[in-house]
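Numbering (this note's numbering), first residue to last: 7 to 119. Ideal Cβ positions, reconstructed from N, Cα and C, are used throughout, including at glycine. Since the structure is predicted, the reported quantities are computational estimates derived from the model, not experimental observations. The next block holds one structure in the form of structure tokens; read it before the comments.
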Amino acid sequence: FRRWAIISEDKRHGARIQGQLADKDVQSTCALATFRSEVRMLRQRSRRVAAMSTQWKSRVFLVAPFLAWVRSVSSSFSCAKTHVTQQQLGELYNRSVEQLRAAQREATNARVT
């Protein structure tokens, strides 16, 4: 009878340990799922910030050529003045295109990291 009591106690203890292990497994799985969810959220937020930053920079860089164009159209219609303004507008446009490409590269690099 004593031997049976010892064996049954060992089985109960083993079952208790198995239950605790199962509990810990569920807790660690939930913790991993929560961690992955938070990482996913942070990545989405960083992508959104990078996209907003790129949009903001592109708008800022395009304001100067647009204002130059508006000034050239509204100021005068003389050929000489229009020619100079078109040249200046071309330079501003080229600069803004370079700045826009740099901003896009920066946004791409931000998405990669």
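Spatial neighbours of residue i in its chain, beta-carbon cut-off 6 Å, leaving aside the 5 residues before and after
| i | result |
| --- | --- |
| K63 | A109 |
Alpha-carbon to alpha-carbon, residue j and residue i
| i | j | result |
| --- | --- | --- |
| Q61 | Q92 | 26 Å |
| Q33 | A39 | 10 Å |
| D29 | A113 | 44 Å |
| R111 | R22 | 58 Å |
| R49 | A11 | 57 Å |
| H19 | T35 | 24 Å |
| V55 | D31 | 36 Å |
| R53 | Q26 | 41 Å |
Cβ neighbours of residue i in the same chain (closer than 7 Å, five flanking residues each side left out)
| i | result |
| --- | --- |
| T75 | Note that residue 75 is Trp in the sequence shown here, rather than Thr. Cβ within range, chain order: L95. |
Nonlocal neighbours in the same chain, by C-beta distance under 8 Å from residue i, ignoring five residues either side
| i | result |
| --- | --- |
| T68 | Just to set this straight, residue 68 is Leu in the shown sequence, not Thr. Cβ within range, chain order: S102, L106. |
is_contact[residue i, chain D] using C-beta, thresh 8 Å
| i | result |
| --- | --- |
| A57 | No chain D is part of this structure, which consists of one protein chain only. |
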